[in-house]
Amino acid sequence: MPGIRKSERVPILGDLHGEIMVFEPLQVKQLGLHGATIETAFPLPLNSLHDLRLTLGSGAVVVKARVVHSHVGEMGEEGLRLIPRVKPDLIMMDVRMGGILRRLR
């Protein structure tokens, strides 16, 4: 429709690739200062980096984590369960993970 766009769009010559972040539910099975075991309904590639938003009471904390191990779990009611093990990406995240653990106790 003419007149809707506020600026011109130009065609891409060649390839331009990107990624999209989609929030999907996950379940935390184990949590420690240096890592966590989570359960997802979709695969997470090894060495991939993710923002995990963990809800604690009325608040939430976002932890950057890298997938260090993954395996296929059992078949559940909702389908196949995938179980990646993730680690905080930065040493500084240990402080944040410690805060999370204290709030869970």
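The numbers in our numbering rise by one with no breaks, and the one at position 66 of the sequence shown is 61. The beta-carbon is built from N, C-alpha and C at its ideal position, and this holds for glycine as well. Here the structure is a predicted model, which is why all the values come from computation and not from measurement.
| message | Alpha carbons only, please: which of E3, V56, E34 and R4 is nearest the one belonging to D46? | response | Scanning E3, V56, E34 and R4 for the CA closest to the CA of D46 turns up V56.
| request: Using only alpha-carbon positions, find the residue among G52, A36 and L8 that is nearest to F18. | output: Checked all of G52, A36 and L8; the closest Cα to F18 is A36.
| request: Run through the region 3 to 62 for me and flag every whole beta strand (DSSP E) of 3 or more residues, listed as ranges in chain order. | output: Residue ranges of uninterrupted beta strand (DSSP E) with 3 or more members, entirely inside the region 3 to 62 and ordered along the chain, are 22 to 27, 30 to 34 and 44 to 51.
| query | What's the gap between the Cα of V23 and the Cα of G13? | reply | Per the coordinates, the alpha-carbon of V23 lies some 28 Å from the alpha-carbon of G13.
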